[in-house]
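Working notes, structure below.
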Amino acid sequence: MARPAGGTIPIGQLAGSSGAYAIVGDEVFGGANMAVAYVNSHGGVLGKKFALTNYNDGGSATQANEQFRKALSAGSVAIMGSPDEGQVVATLAEQDKIPDLGEVDEGAGTGDPKGPAKPPISWVWSNTLDGFGLGDLF
């Protein structure tokens with residue numbers, strides 16, 4: 258994985274801001290942009306600020322693949338995975354050894370596709386509910 262040059266850490270955010278899930282994608286982009294603005298306004302992380310670029314995957318596996326590749330070509334060193342196409346993004350992240358940070362579709366099913374007794378995908382970190390532990394809440 259390439260190290261970011263200069264004072265910024267480039268991250269690509271994938272979500273569908275068009276298509277059937279556009280309302281979800283718009284909310285994801287808005288929330289991520291607010292979080293990055295907050296972190297950056299407080300000095301960033303280890304003296305570096307985040308540069309977040311939004312990529313519209315249209316809720317499509319094909320577009321998620323294309324936008325993932327576009328984000329990497331543009332220099333992103335991490336991806337904030339798609340809430341709609343999480344399995345596609347997780348597979349690509351694992352293949353390319355690029356961190357996939359949150360907004361992972363199907364929580365546990367994406368990060369732990371072989372179940373809770375097996376190791377999770379190494380390059381995927383989910384910030385959504387873990388479906389395997391959900392039953393413990395009820």
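Residue numbers in the sequence shown follow the numbering used here, run continuously in steps of one, and reach 395 at the last position. Where is the CB? At the ideal position from N, CA and C, for every residue including glycine. All values reported here derive from a predicted model rather than from experimental measurement.
* **Endpoints, alpha helix (DSSP H) assigned at residue 327** => In the DSSP assignment, residue 327 falls within the alpha helix (DSSP H) that extends over 318 to 330.
* To do: Leaving aside the five residues before and after residue 292 along the sequence, list all residues of the same chain whose C-beta is less than 6 Å from its C-beta, in chain order.
  => If we look at residue 292 and ignore the five residues flanking it on each side, it has no Cβ neighbours.
* To do: Evaluate contact between the region 291 to 305 and the region 276 to 283, counting only Cβ atoms and requiring at least three cross-stretch pairs below 8 Å.
  => Output reads no: the region 276 to 283 does not touch the region 291 to 305.
* Asked: Between residue 359 and residue 342, which are expected to be in contact by the criterion C-beta below 8 Å, what is the C-beta distance as a whole number of angstroms?
  -> Rounded to whole angstroms, the Cβ separation of residue 359 and residue 342 is 14 Å, and the two are not in contact under 8 Å.
* Supposed contact pair residue 328 and residue 310 - C-beta distance, whole angstroms, cut 8 Å -> Their Cβ separation, rounded to whole angstroms, is 7 Å, which keeps residue 310 and residue 328 in contact under 8 Å.
* The beta strand (DSSP E) enclosing residue 312, as first and last residue numbers -> Going by DSSP, residue 312 is part of the beta strand (DSSP E) stretching over 306 to 313.
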